[in-house]
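See below for the structure under consideration.
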Amino acid sequence: MTDFALEAVGLRKQFGPKTAVSNLTLQVKRGEIFGFLGPNGAGKTTSIKMLLGLTSPTAGHATLLGRPLGDRHARAKMGFLPEHFRFHEWLTAAEFLDLHGRLYRMAPEARRKAIPELLALVGLQERADTPLRAFSKGMLQRIGLAQALLNDPELIFLDEPTSGLDPLGRRLVRDVINQLRQRGTAVFLNSHLLSEVEQTCDRVTFIRQGEVLETVSLHEPVTAVPVILRVGQPTPPLLAELGAFGDGVVQAADGRIHLTLPNEAALPQLATWLVSQGHTLYELTPKAMTLEDRFLQIVGDQSEG
Ligand SMILES: Nc1ncnc2c1ncn2[C@@H]1O[C@H](COP(=O)(O)OP(=O)(O)O)[C@@H](O)[C@H]1O
Ligand SMILES: [Mg+2]
Numbered sequence: 171m172t173d174f175a176l177e178a179v180g181l182r183k184q185f186g187p188k189t190a191v192s193n194l195t196l197q198v199k200r201g202e203i204f205g206f207l208g209p210n211g212a213g214k215t216t217s218i219k220m221l222l223g224l225t226s227p228t229a230g231h232a233t234l235l236g237r238p239l240g241d242r243h244a245r246a247k248m249g250f251l252p253e254h255f256r257f258h259e260w261l262t263a264a265e266f267l268d269l270h271g272r273l274y275r276m277a278p279e280a281r282r283k284a285i286p287e288l289l290a291l292v293g294l295q296e297r298a299d300t301p302l303r304a305f306s307k308g309m310l311q312r313i314g315l316a317q318a319l320l321n322d323p324e325l326i327f328l329d330e331p332t333s334g335l336d337p338l339g340r341r342l343v344r345d346v347i348n349q350l351r352q353r354g355t356a357v358f359l360n361s362h363l364l365s366e367v368e369q370t371c372d373r374v375t376f377i378r379q380g381e382v383l384e385t386v387s388l389h390e391p392v393t394a395v396p397v398i399l400r401v402g403q404p405t406p407p408l409l410a411e412l413g414a415f416g417d418g419v420v421q422a423a424d425g426r427i428h429l430t431l432p433n434e435a436a437l438p439q440l441a442t443w444l445v446s447q448g449h450t451l452y453e454l455t456p457k458a459m460t461l462e463d464r465f466l467q468i469v470g471d472q473s474e475g
């Protein structure tokens, strides 16, 4: 068994002259919550459709759960919540799940067991007999998630699962994703919402205009810490010595010194050293990079290029 839930190499989708996805190469580990982040029209939905075998790529290949693209055995272990799900609104929640269970060819006993469990997982156990037409948008999204989980998938694709939901609805979807993490299900989450991805994902790939820009891990220890430093006497020798602690040492017009430390551990080291050298330390402020900073940096870099 491979360690990857998904490996894509050079996937491309061309619609006539329009390149929807230009060269998608990425890997998702088993059990990982993976964010696919980009503005509307970036190529996220087209990428998911290629990975699910719903549309064939113009070029490239991929392996899902160790099987080639479009393989039926792999598809039987995958779940999908589409961006615009069409619900059978005359059915009750339980009937809707039962219909989809039959589409998955689940045996009657298996459906009887799974449906109440899934309704509980998405917090709709009290609504089993409520017709979907009476459901709010958030409830529909949660029953859609339950549908995507019927076959106990090892890999699930969620296309903008929280768009159009209010904060409470988003929170409930996020809770379900956290439960999936506990079950060891790999999640491929499409979103144009930075905060959404930041709060749920282990790793994020940024995509824009069909191009993968960069992949970042959200759990790795912070690698570079920009800091602002203010001491009593910022002399030229001090500035030179600070070069041993970090990069990009400059003094701003207000006298503050800016530099970038290689990691967080360098912060107390620098503070201790400054004091031991007799400097009066007024300020040593780390500026953590948020995902938004990184996003602007990555996307900004590209738009200048
Ligand atoms: N069937 C299609 N025919 C022509 N162009 C398409 C088709 N599907 C998507 N596109 C175009 O490909 C680009 C990527 O679309 P999409 O994958 O839906 O982006 P996202 O999901 O990131 O919003 C868009 O410019 C869109 O207009
Ligand atoms: Mg989309």
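Residue numbers (this note's numbering): 171 to 475. Built from N, CA and C at the ideal position, the CB exists for glycine as well. Keep in mind that this is a model prediction, so the values were computed, not measured.
What are the start and end residues of the beta strand (DSSP E) that includes residue i?
i	result
Ser-361	356–361
Ser-192	188–199
Gly-418	417–421
Ala-178	174–185
Leu-207	203–207
Ala-229	229–234
Glu-324	Taken as a continuous stretch (DSSP letters only), Glu-324 belongs to no beta strand (DSSP E), as it is neither H nor E.
For residue i and residue j, I'd like the C-alpha separation in whole angstroms.
i	j	result
Ala-244	Leu-273	16 Å
Ile-427	Arg-400	6 Å
Arg-242	Pro-286	27 Å
Ala-280	Leu-350	20 Å
Gln-403	Thr-393	29 Å
Val-382	Leu-194	6 Å
Thr-375	His-254	22 Å
Phe-206	Ala-423	41 Å
Ala-175	Asp-345	22 Å
Asp-173	Lys-199	6 Å
Lys-183	Gln-379	12 Å
Gln-311	Phe-185	30 Å
Arg-237	Asp-299	38 Å
Glu-324	Met-276	16 Å
Leu-388	Ile-203	11 Å
Leu-437	Leu-431	7 Å
Ala-477	Gly-249	Since the first residue shown for the chain is 171 and the last is 475, residue 477 is missing from the structure and cannot be characterised.
Asn-210	His-362	7 Å
Thr-442	Asn-360	45 Å
Arg-373	Asp-329	16 Å
Glu-474	Gly-448	Because Glu-474 sits at a pLDDT of 40, beneath the cut-off of 50, its placement in the model cannot be relied upon, and the following sentence gives the value as read from the coordinates. C-alpha separation (whole angstroms): 44 Å.
Asn-348	Ala-410	48 Å
Ala-435	Gly-223	46 Å
Leu-405	Leu-221	Sequence inspection shows Thr at residue 405; the Leu mentioned does not correspond to that position. Distance between the alpha carbons of Thr-405 and Leu-221: 58 Å.
Lys-457	Leu-466	15 Å
Cys-371	Val-386	10 Å
Need the endpoints of the alpha helix (DSSP H) that residue i sits in, please.
i	result
Thr-215	214–221
Ser-446	436–446
Leu-399	Here Leu-399 belongs to no alpha helix (DSSP H); instead the beta strand (DSSP E) covers 395–401.
Met-309	307–319
Glu-265	263–273
Pro-456	Taken as a continuous stretch (DSSP letters only), Pro-456 belongs to no alpha helix (DSSP H), being part of the beta strand (DSSP E) at 451–456.
Leu-429	Segment 427–431 is the beta strand (DSSP E) holding Leu-429; no alpha helix (DSSP H) there.
Leu-239	Note, Leu-239: premise wrong, no alpha helix (DSSP H); not H, not E.
Leu-251	It is not in any alpha helix (DSSP H) - Leu-251 instead sits in the beta strand (DSSP E) that spans 248–251.
Glu-279	278–291
Ala-410	406–412
Just to confirm my understanding: we take residue i, look at its own chain, exclude 5 residues before and 5 after, and list those with CB closer than 8 Å. What are they?
i	result
Leu-429	Pro-396, Val-397, Leu-399, Leu-412, Phe-415, Gly-416, Asp-417, Gly-418, Val-419 and Val-420
Val-179	Thr-195, Gly-230, His-231 and Ala-232
Leu-261	Leu-269, Pro-301 and Leu-302
Once you ignore the five residues that flank residue i on each side, which residues in its own chain have a CB closer than 7 Å to its CB?
i	result
Leu-267	Ile-285, Leu-288, Ala-316, Gln-317 and Leu-320
Thr-455	Val-397 and Ile-398
Only counting the same chain, and skipping five residues up and downstream in sequence, which positions put a Cβ closer than 6 Å to that of residue i?
i	result
Ser-217	Val-191 and Leu-194
Glu-314	The sequence shown places Gly at residue 314, rather than the Glu named in the question. Cβ neighbours of Gly-314 beyond the five flanking positions: Leu-251 and Phe-255.
Glu-384	Phe-376 and Ile-468
Leu-440	Phe-415
Gly-201	Gly-354 and Ala-356
Any beta carbon from chain B within less than 9 Å of residue i's own beta carbon?
i	result
Pro-252	Considering every chain present, this structure includes no chain B. It has just one protein chain.
Taking only heavy atoms of ligand 3 into account, decide whether any of them is closer than 8 Å to the Cβ of residue i.
i	result
Glu-462	The model on display carries ligand 1 and ligand 2 but not ligand 3.
* Quick one: complete alpha helix (DSSP H) runs, 4+ long, within the stretch 330–390? -> Correct list: 337–353 and 364–370.
* Residues proximal to ligand 1 by C-beta, any heavy atom closer than 6 Å -> Phe-185, Lys-188, Ala-190, Gly-208, Asn-210, Gly-211, Ala-212, Gly-213, Lys-214, Thr-215 and Thr-216
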